[in-house]
Every structure is written in C-alpha cells, then in structure tokens.
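Below you'll find the structure, written out as structure tokens, and then a few comments.
Structure follows, in structure tokens:
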C-alpha cells in the first residue's frame, strides 16, 4: 500500500515477540490491543520515522479472533462470523526518535452473509493457503469478498493500514508534498 501511494520506505520485521506482547497486554479491548501492538512494533526498530501496524478482529460479543492455526480452525472462525457483523480494528503508530509521534485506530464494520458449510469448504479449498495467516480466515482482496453483504469503513483499513490518515500525518510532518 505504501509503495502504491508513493511513500518511500523500507519494510522490516518488528523486533518483538507478538505472542509475548499479547500476553503482557491481556485484558485490553480489541481496539486498544491493536494500538498497543502497533506502538510496540514502531518502537522496536531504530530509524528517523518507524511505522508499526496491527489489526484485531472483534466479534459482536467483544471476543477476539486470532489467526487460525489450521484449516479446521479457519472453518470454525468463518462459521462463527456467518450471518453476523464484526469489527476490524486497524492501528498504525509512527515512532520518531524513540517516542510515539502519531497513532491512530480505524475501525471497519463487516457484515458476513449467512454461509453454508458447502460454500465454506469450497472457499477454503481454493483460498486456504492465501488466508491461513489472516485473522478471521479471509482476505477481502480476492474471493473472500463474497463472504460479505455489507462493509462500513475504509478498504485500506481492511487491508491492514489506516492509509489515508497516515498520509495526512506524513504531509503535516513535511515528509510528503501537500
């Protein structure tokens, strides 16, 4: 997304143990957890401006889903979302000189249409390798868009980054032309 938007950057893996960080942050709500993880990722690397990002998926009851560990778990996650609305919290944080200079969480509401077991099995037959690392077991940029009947919010946030607010911040900071 950054490359397509004309933002010069170098991609690097965050220097944190995400499972340990989640354990330390246990008790935070889904939005706050996404923001805290984005901040930790941004602070984990040195550089002039370091961007960290994270997403959490929150069901209607407030519980969160993680990345499925198996095809069976992906099926169960998708089945649990069938006919329901959930929230995807997409967080970004920018660290400058070792402190958080900017942070934002953008929330998208996604309504999953009722899904038959046969549809889910066919979907996983064709998409499992692509979605196995995706929270909730879907990618909206492919056949996964067929899972939904309504989406309220930013397409970029669904893809993993609140891009428009980030670009606005970079223009304010003078990193990009305004």
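In my numbering, the protein residues as written are 929 to 1106. A virtual CB, placed ideally from N, CA and C, is assigned to each residue, including glycine.
Closest Cα partner of residue i within the set the options
i	options	result
residue 1042	1025, 1078, 980 and 1102	1078
residue 1007	1057, 979, 931 and 1051	1051
residue 991	1089, 959 and 1040	959
residue 932	1101, 1097, 1089 and 1106	1089
residue 940	969, 953 and 949	969
residue 1026	934, 971, 966 and 935	971
Simplified DSSP assignment, three categories, for residue i
i	result
residue 980	strand
residue 1095	helix
residue 973	coil
residue 930	coil
residue 1062	coil
residue 952	helix
residue 1072	helix
residue 1106	coil
residue 938	coil
residue 968	helix
residue 1101	helix
Range of the contiguous beta strand (DSSP E) that encloses residue i
i	result
residue 1077	1076-1080
Beta bridge counterpart(s) of residue i as assigned by DSSP
i	result
residue 1031	1021
residue 1014	1038
residue 986	992 and 1015
Integer-rounded CB distance, given that residue j should sit under 8 Å from residue i
i	j	result
residue 975	residue 1037	Not a contact, Cβ separation roughly 34 Å.
residue 995	residue 1062	7 Å
residue 973	residue 1022	That belief does not hold up - the Cβ atoms of residue 973 and residue 1022 are roughly 12 Å apart, past 8 Å.
residue 1019	residue 1094	Between residue 1094 and residue 1019 the Cβ distance is about 11 Å, and since that is not below 8 Å, they are no contact.
residue 1065	residue 1005	5 Å
residue 963	residue 1031	6 Å
residue 1033	residue 1017	5 Å
Opening and closing residue of the alpha helix (DSSP H) in which residue i lies
i	result
residue 995	Element bounds for residue 995: n/a, residue is neither H nor E.
residue 1045	1045-1059
residue 945	No alpha helix (DSSP H) contains residue 945, which DSSP labels as neither H nor E.
residue 1085	1083-1087
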